[in-house]
Structure formats: C-alpha cells, structure tokens
Amino acid sequence: MQGSVQRLVLLPLAAARSGSITAPLFRPVASLWRPSTRTLFSETGVWEKEYRPETRRRVEEWWHPRVMAQWKTDVLPEGSDRKKFYVLSMFPYPSGRLHMGHVRVYTISDTIGHFQRMRGHQVLNPMGWDAFGLPAENAAIERGLDPEQWTKSNIESMREQLDSLGLCFNWDREVTTCLPDYYRWTQYLFIKLLEAGLAYQKEAVVNWDPIDQTVLADEQVDENGRSWRSGAVVEQKLLTQWFIKTTDYAKPLLDALADLPEWYGVKAMQANWIGECTGCYFDFKLKVNGEESGETLFAYSFAPEVVFGAAFLAILPSHRLLHGSSALRPALERAFEPGRDCVTEITAQNLFTGHEIPLVISHKEAFDGYLDTVIGIPDTSEEDLSVAKALNLNWTTVLNSHEDGSQTLINSKQFSGLTREQAFDSITQKAREQRVGGHLTSSKLRDWLISRQRYWGTPIPVVHCGSCGPVAVPEEDLPVTLPKLPSLTGKGASPLEAAHEWVNCKCPRCKGPARRETDTMDTFVDSAWYYFRYTDPHNPDRPFGRHQADHWLPVDVYIGGKEHAVMHLYYARFLCHFCKDQGLVAHREPFRKLLVQGLIKGQTFKRADSGQYLKRAEVDFTDEEPVALGGGRVEVTWEKMSKSKHNGLDPQEVVQQYGVDTVRLYVLYAAPPEQDILWNVKTDALPGVLRWQARLWQLVTKLRGARQLGDVPNPSLLGKRELEETRRIWQNKNYAVQQVTSHFTEDFLFNAAISRLMGLTNTLSSATVKVVQHSVDFEEALAALVMMTAPMAPHLASELWAGLCQVQNPLSPLLKQGGDVLQQSWPKVDPEYLEAPDLVELSVLINNKPCGKVTVPLQVSKDTAQVQQLILDSPLGQKLLSQRSIKRTILSPRTALVNFLIDE
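Each residue of the sequence shown is one higher than the one before, counting from 1 in the UniProt record's numbering.
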C-alpha cells in the first residue's frame, strides 16, 4: 500500500495452544501503520504529552526486541578486563506454564543483570530446565505420551513466555537436564563419587510413596508422614538403594557457613539441618565364627577419642540386618528377645583400632537422632557401662583421670598420653586418612538417598555382575542413555526392568553377563551441579573446564524460593565441596550471596464446614461476613496460588492488562524479596507503580516543554531562590544514587529503591518552570532518575531516555553522548557530595498525611529521638507540632520518611 510503513508489533494472544501448554504472552505479527494513528516518539520524533495505556503498549512493542538485542550484543569473551558478575536464578521445572512466582524470581535476576551491566560488569544470567522427574512421567502416563516429547514441548512454550516478558537471559548457555549431553556429566560425577568411596549401595528401610511408586528421601516426607508431591501416606519398605555419603562433609559444610554473608535466616536453617558435628562414624566388618560375612556397618561414636575402649556394637531391633536379605539374619533372630539387650554370636572388627567386639541387639526402639548403629564405650557412658556389665562383656579402660580434673588416654596405641581434646583431633584425622571413618557429623544427619524407581531420570551408571559385583560404567562409555519404552504404567517395579535388551549387558570388567542398574537418580542430583555447567555448557570432554568455572564462580547472587533453602542448597554446597577436593574447581562454596524470595499469594475462599475451595463468583459479599451463595460461612485467607484453590493468577492476563514494565515494578515494589506478596490490585502497590510511570513520563514532557519556550537555557539567569532549589535537587539526586546503588548491591530491597526514586520524582515534579528551563542539575537528576529506573522498567526507561536525549539545547553532557539507556554507565555520586556534610531530606507525615520536608544530617537520620527533636526545632515542626501531643514517632527504616501520630 503506497504511503504506508509496515512494522512489527507484539499483540496479546487470544488463545493458548491446545492441551495444558500455554502460548507466549505476546506474538509478533505484521500490521500496517496509518498516518491518522498516534505514533511513538522513537518512530516519528513526535512526543506524546500523556502516558496512556495505548502509549504504554506501543512503548513495549517497540522496545521489547531492541532491549533483547542489546543484551545479546554485549557479550565479551572470558579474559576481558571487565569484572565478572554471575547472577543465577533457580531454573524451573518445565511444566508448560509460567506462574507469578516465576515472574517474580526472574524479574529480580533480570533487574540485577541489567544493573550490573550498567556498572560495567561482564554479566552471566543463564537459564535452563530442571527437566527430569515425576511430574513429566505422570503427565506422560495420563496422556499416553513419551515424557521426552512432553518435556520438550513444554520447554519450547515456556522459553517463548520468558522471552515475551522481556527477560534477558544468556540463552546461548541453556542447559536441559534430560538431554544426554547434560546427564552424561551427572553420571560422570556419580562415578567420581563412587571412586572416592562416597557413593554406595545398601539395603535400607526407606520411605515408599504408594501412589508415585518410588522411594522418597526423608526431606520429601512432611511432618504428617505424607509425600511432598502426591500427598499419600508414606509406607516403610526394605529395599536395596544407592546413597551418597554426604555425612562425610557435614563438618566442613557446617564450618563454611561462618565465612558466608547472612542469608535471610537460611544459614541458621542449614546449620540446624546439619546439627552439631561432635561425633563420627567408624567402619566395622562383621564376622561369624571368625569368618568375614561380607557385611560392613558404619557405627556412630559420640566420643571418638575413646574408641579404643569400645565394649560392643549396638543395633536397633528395626535394623536392616534383622529384616532384610542378609545372611546374618538367622543368627540375629536366634539371639533376639524383644525388650532385652541381646548379645549375638556375631563380632564386629573396627577397621581403625583392629579390635573385635560383640554385636548387641539393643532393647531400645531408637537411639539419638536417626542413628541405628552405635558404639558402646563404658568409660564415657553410664548407660553403656550398665549394658556391658549386664551382658558380662570385657572392655579396656582408656582414660586416666588426674587430680586437676584433666584426662589423658591410656591403652590407645600411639594416641596414649594425649589429652582427650588432642586425641579427638588426632584419631578422627587418622581415621579419615585411612578411609575407615572419622568424618565429624551429627547424630541427626543421614546420607543422601538418591535411588528412584522411576523411568524419567538419569540412569545410574552401574552394572551388576555375578562375579565382580557392582561395576561402574567406564567413562568412555558414558552416557548411559535411557531406552525408549513402548509404554509407561507407573506401577510395580522400575519401568526400566521392561527394557530387556537395555538391562542385559556385559560386565565392563570381566566381559561376562551382567545387568544394568534400573534405578534412576533423584532429580536433586541433576540440580546439585547445574551452576557449574552454565560456565561451560558446550564442553564435550568434561562437565566443565576448570578455567571457566574459576572465572565465573562463586555465583555472586543466587535467587530462588525459600522452600529450597535446605535440601537443594545443602546438596549443591556438598557437591561443590567435593569438586574442590577433586581439583575440578578452586572454590569450595558455590554461592556468595543468597536471595530468597517469598510467595505471591492469592485470596482464597473456602467453606468453613467442609474446607471446599470456592471461586470468588460463588461467594456473597453483601453482609460484613462473606457467605457461600448456597449458604454457609466462608473462611477468607491468603494462600499460595494454585488452580485447585481458585486463587491463581495467569501472568498472560496480567501483562495484557497492565503491561510488562508495570508487572515488573509491581513484583519489585509490593514487598521486600523475602516476604510474601498478597495480590490485591485494588488496594496494594499496583496503583502506585501505575501513577509513578505516568509521573516519570510527565517529567520528560515537562523538560521538553520548558525547553521549547524560546529562551536558550542559561544557568546564570537563576536567582538565589532558584539556586537554593537546584541545590536541593542536586542533594536529592546524590542521595538517591547512593541509596539505590546500596539497595541494588547490599540488601536487595528493590521496594525501598523504588520508594527512593519516587521521592526524587516528587522533588523534580515540584521544580519551578525557571529551574526546569535553565538548570543543569534538574536535567542531570532527571537523567539519573531514568537511568536508575531502567533495570526495573527497561521499556519505559528506554523511551524516556530517547525523549531526553532529543530535548532542545541540552545542558548536560549525559544527554549528548548517545546510546540507549541500558548502554549508559550507572550514575555515580558526585565527589563534592561525598566531601560535604551528608544530609537527608525526610518527608514528614502527621497522622499518615504528608505535611512537608525537613533536612537532617545523615548520621542521625536513623535515630528516632534525634530526628524528632530536629523536626520539632525546625520551622515546619514549630508551626505544626509545637502545640500538639505526640503519641508516637515512626521513623521508616527503609525510606526517608517520618510519621508523627498525634491526638487530633
């Protein structure tokens, strides 16, 4: 069509794809521009004076592809002299749908990434997919699909959704845990653990989910004994399972917490999970009539320094040896009498001391913590002494007490003569060196159970040979790939048992017939090392290169839900410690700072009598107390969003209504990251961020309008009053730069940063026309305001910056240097401001109503008593508060605001 311009716009999708896979939030389509249609400044050079919903939509259409392109073009090779910054958000399970929790966590990482780039850093902000696991397998079973097909289609959908939100990830480093080029290296790391003696197989009483037909780790069972995923009551089963000996790293993992910054209470959660590491395990070989039985036990000692004084080894009546397939079971059953301590004919040889002691079945139902095997040492335990005497057992005294109350060791080989404290260190160290125990741990910590009896997971790279026993698959034969199965039922034994050609193989060692391990790994193994793979995602020879990992690690900021603060974080830290000991990486701790974010909760309505969740349309709000339309009292609460509770929120709908930048600003402003957000668009932060965007637009409109009045800008035309005004603007700008930068780097209080920017917006909005027309300080403050907004609202800020840079007769070099806003350097505090006495402009409220502002010294700005007195002494305080009775003074800890509550 003649006279028309064809352009690319992003329009909301009317419908999602079929099935449960959603479409992206926007879709590019071709449309025609007509001269009568309002146009964007970046397209036409014509500035619209008002920021309307239509303006917002066109701003995001225009800048979305450009912001994404800018991110992709600013990639430097490793070795650049720019300082690195690794921001990592926990990768999602590819369910096919984004939820508001995804929007929140990835908005935070995207904001930090843009900010750090503006500070001149080389930024890594990668994304990938935690793609193995039960949900995909169960979904495939329900639909008769291949889990791989289901997972890959979901990944495609969610990747498009993430892109449509303007989230700038390093997609060239994408990892997907269900692809062989990833899980090959999960298997490689498992073999390294096996070679180090940290992966082992044993028969154990395990938690069995009867619905999902798989084993669960203790951490995956809630306090009511139900599965974390299916909700089924968990059963106890005796199965042969694979474990990783994380207890060997308990003390290093506990001690390393002291060197990390505070993690919003997560460090305390980690420490509590690990427990006090005051004892250790020793390895024992069991014998019958002097002949080795082939059974090995790990037995815990609360006092390792006196291990040479052991009298017996005690197991619980629930121990696997009494209930499993062990050849020792008949001998144990012959000796067992319920309710009594029973000596058996079995002896246990301590591989550290060389001593043989009898195996005893305890009368107890439980020892401390999760222990099921303990060493009885009479010298340090009255209870052990009583058992040894009652059973007429022999033992060696190993403690010599002195008049001063100290004790030294005797009858303890080369450790005799040491104090107990010296012996504790020496004996545990020697046992570790001999690899027969000695690793300090707690009685409450168990090893990591990784076996899962399902198909959709990383195959454990082991074959079972009748002659050689369990044999690791050689590294050159990795990956052991999943076989294609004709169907999945989710019931009975592991689905891999049905893949006969895959299961039956040759032993790598003796070449005889063997069977592959048919358990797969818990998905937590895949996610325990993904942060490494991001640093070198295409390496075909190693899981990651040492140089690349050392360049990027540790992760500078790790962002994710607090629900992963124990299990995932503990496993990830463990694997990093292990990789350090293997010489694979220089850093022992993987994450420098941890930023946990709360949930976004929706309002729920449920019947008080039955607990049935209702839709809002099914509730009558006529009276003060809501009731169900059919009758019955309704409980109103806030809960994690979900379909079943009818309180979910589709990001697609929210973005279509309010825009990407509004949603980004909302999730950053509504609450500090670690707190939950209660979504209520009528009363919460959403109206505030909508108004703020419009006010930012009005400020650029104001400057452009003032510069079109005819006079050439001339700062010398400003009088004394205007100069005082520009001084306040200058101070407010510097204070805002100082505070916002601190919030972005130290405490991540983005809500407080936005509040500070709103304060600067207020200051600039109240500027007189003459100051706007002739002041370089106004111009530079507005430029800084737009630049500091850019990481949080990149589309709006990009258009505002375009409007600023085309203002007539600019005074500041900032507006003459070219480039889009995200390519600018982050504002710095002026040196003169740092040298001058620091002042803070406090907004003064009386009974929650703004009444003015007072400037106070920064050093007293957080002292409520001093701030109150300074304000009472000020002209504003004399006028408004001198004759009033002050009930309470509230000084905001996060924004420059003080509120006086007074008697009316």
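Glycine included, each C-beta is placed from N, C-alpha and C at the ideal position.
query = Is there contact here, the region 100-111 with the region 159-167, by at least three beta-carbon pairs under 8 angstroms?
reply = These segments touch.
task = Output the distance between the C-alpha atoms of Pro-35 and Gln-708, rounded to the nearest integer angstrom.
result = With a pLDDT of 39 at Pro-35, under the threshold of 50, the predicted position of this residue should be treated as unreliable, though the coordinate-derived value follows. Taking the straight line joining both Cα atoms gives about 25 angstroms.
ask   = Straight-line CA distance for Phe-352 to Glu-476?
value = Going from the Cα of Phe-352 to the Cα of Glu-476 covers about 36 angstroms.
ask   = Between which two residues does the beta strand (DSSP E) containing Thr-855 stretch?
value = Annotation: the continuous beta strand (DSSP E) that includes Thr-855 extends over 849-857.
task = Indicate whether Pro-299 and Thr-344 have their beta-carbon atoms separated by less than 8 angstroms.
result = Before going on, a small fix: residue 299 reads as Ala here, not Pro. Cβ atoms of Ala-299 and Thr-344: not closer than 8 angstroms.
inquiry  = Given a cut-off of 8 angstroms on the beta-carbon distance, is the pair residue 921 and Val-59 in contact?
reply    = Any property of residue 921 remains undetermined from this structure, which presents the chain solely from 1 to 904.
request  = Counting only the same chain and skipping the five closest in sequence on each side, list residues whose C-beta sits under 6 angstroms from that of Trp-502.
outcome  = Setting aside the 5 residues that flank it on each side, Trp-502 is surrounded in the same chain by Pro-483, each with a C-beta closer than 6 angstroms to its C-beta; the list follows chain order.
inquiry  = If distances are taken between C-alpha atoms only, which option among Ala-311, Glu-195, Thr-151, Asp-536 comes closest to Arg-97?
reply    = Just measuring C-alpha positions, the residue of Ala-311, Glu-195, Thr-151, Asp-536 sitting nearest Arg-97 is Thr-151.
query = Among residues of its own chain, excluding the 5 on either side of His-319, which ones have a beta-carbon nearer than 6 angstroms to its beta-carbon?
reply = Cβ neighbours of His-319 within its own chain (closer than 6 angstroms, five residues either side excluded): Asp-372.
ask   = By the 10 Å Cβ neighbour count, where 16 or more other Cβ atoms means buried, how is Pro-831 classified, buried or exposed?
value = Result: exposed.
task = Could you pull out every unbroken beta strand (DSSP E) segment of at least 3 residues lying fully inside the region 772-847, listed in chain order?
result = Counting whole runs of 3 or more residues, the region 772-847 contains the beta strand (DSSP E) stretches 839-846.
query = Of all Cβ atoms in chain C, is any one closer than 8 angstroms to the Cβ of Gly-512?
reply = As a matter of chain content, chain C is missing from the structure shown, which is built from one protein chain.
request  = With a threshold of 7 angstroms, establish whether the CB of Glu-421 neighbours any heavy atom of the ligand GDP.
outcome  = The ligand GDP is not part of this structure, which contains no ligands at all.
inquiry  = In the DSSP assignment, the alpha helix (DSSP H) including Ser-401 goes from what residue to what residue?
reply    = Ser-401 -> not in any alpha helix (DSSP H); beta strand (DSSP E) instead, spanning 399-401.
ask   = Just checking, does the region 114-123 make contact with the region 618-630 on the three C-beta pairs under 8 angstroms criterion?
value = Judged by Cβ distances under 8 angstroms, the region 114-123 makes no contact with the region 618-630, as fewer than three pairs qualify.
task = Go through the UniProt domain "Leucyl-tRNA synthetase editing" (272-431) residue by residue and report every complete run of the beta strand (DSSP E) that reaches 3 residues or more, in order.
result = Listed in chain order, they are 279-288, 291-301, 312-315, 342-350, 356-361, 373-376, 399-401, 407-409.
message = Please state the DSSP three-state secondary structure of Arg-229.
response = Reduced to three states, the DSSP call for Arg-229 is coil.
ask   = Which whole-angstrom value is the C-beta distance of Phe-312 and Val-360, which I expect to be below 8 angstroms?
value = Cβ atoms of Phe-312 and Val-360 come within 8 angstroms of each other, at about 5 angstroms.
key: Continuous beta strand (DSSP E) assignments of at least 3 residues falling wholly in the region 602-683   = For the region 602-683, whole beta strand (DSSP E) runs of length 3 or above, ordered along the chain, are 634-640.
ask   = For the region 728-748 against the region 838-846, are there 3 or more C-beta pairs whose distance is under 8 angstroms?
value = Verdict: yes, contact present.
ask   = If you draw a straight line from the alpha carbon of Leu-690 to that of Pro-135, how long is it in whole angstroms?
value = For the pair Leu-690 and Pro-135, the Cα-to-Cα distance works out to about 38 angstroms.
Counted within 10 angstroms of its Cβ, other Cβ atoms place Pro-338 as buried (16 or more) or exposed = With fewer than 16 other Cβ atoms within 10 Å, it is exposed.
query = What are the start and end residues of the alpha helix (DSSP H) that includes Gly-877?
reply = Looking at the DSSP string, the run of the alpha helix (DSSP H) that includes Gly-877 is 875-880.
key: Coarse secondary structure for Ile-450, derived from DSSP in three states   = DSSP places Ile-450 in coil when its eight states are reduced to three.
key: Between the CA atoms of Leu-876 and Arg-884 - distance to the nearest angstrom   = Cα to Cα, Arg-884 sits roughly 13 angstroms from Leu-876.
inquiry  = Can you find the residues in the same chain that come closer than 8 angstroms, C-beta to C-beta, to Glu-904, ignoring five residues on each side of it along the sequence?
reply    = Only Asn-847 meet the Cβ criterion.
query = Val-123 lies in the beta strand (DSSP E); which residues open and close that run?
reply = Looking at the DSSP string, the run of the beta strand (DSSP E) that includes Val-123 is 122-124.
message = Using C-beta distances below 6 angstroms, list every residue in its chain close to Phe-169, excluding the 5 sequence neighbours before and after it, in chain order.
response = Here the set comprises Asn-125, Met-127.
inquiry  = Give me, in chain order, the residues of the same chain whose beta-carbon lies closer than 7 angstroms to that of Arg-173; leave out the 5 immediate sequence neighbours on both sides.
reply    = In chain order, Pro-126, Tyr-534, Pro-537 place their CB closer than 7 angstroms to the CB of Arg-173, counting only its own chain and leaving out the 5 sequence neighbours on each side.
key: Check whether Ala-549 and Val-585 have beta carbons under 8 angstroms apart   = Yes.
request  = Tell me whether Thr-489 sits in a helix, a strand or coil according to DSSP, three-state version.
outcome  = In the three-state scheme derived from DSSP, where H, G and I count as helix and E and B as strand, Thr-489 is classed as coil.
task = Have a look at Gln-675, Tyr-613, His-500, Gln-149 and flag the residue whose alpha-carbon is nearest the alpha-carbon of Asn-647.
result = Distances from the alpha-carbon of Asn-647 to those of Gln-675, Tyr-613, His-500, Gln-149 put Tyr-613 closest.
key: Contacting residues, own chain, Cβ-Cβ under 7 angstroms from Pro-590 (five flanking each side not counted)   = Same-chain partners within the cutoff: Tyr-531, Leu-553, Pro-554, Val-555, Ala-572, Arg-573, Cys-576.
inquiry  = Counting C-beta neighbours from all protein chains within 10 Å, is the total for Leu-858 16 or more, i.e. buried, or is it exposed?
reply    = Around the beta carbon of Leu-858, a 10 Å sphere encloses fewer than 16 other beta carbons of the protein chains shown; the residue is thus reported as exposed.
inquiry  = If you follow the alpha helix (DSSP H) that Ala-140 is in, where does it begin and where does it stop?
reply    = Bounds of the alpha helix (DSSP H) holding Ala-140 are 134-143.
ask   = With 16 other CB atoms within 10 Å as the buried threshold, where does Ala-783 fall?
value = Counting Cβ neighbours within 10 Å, Ala-783 comes out buried, since at least 16 surround it.
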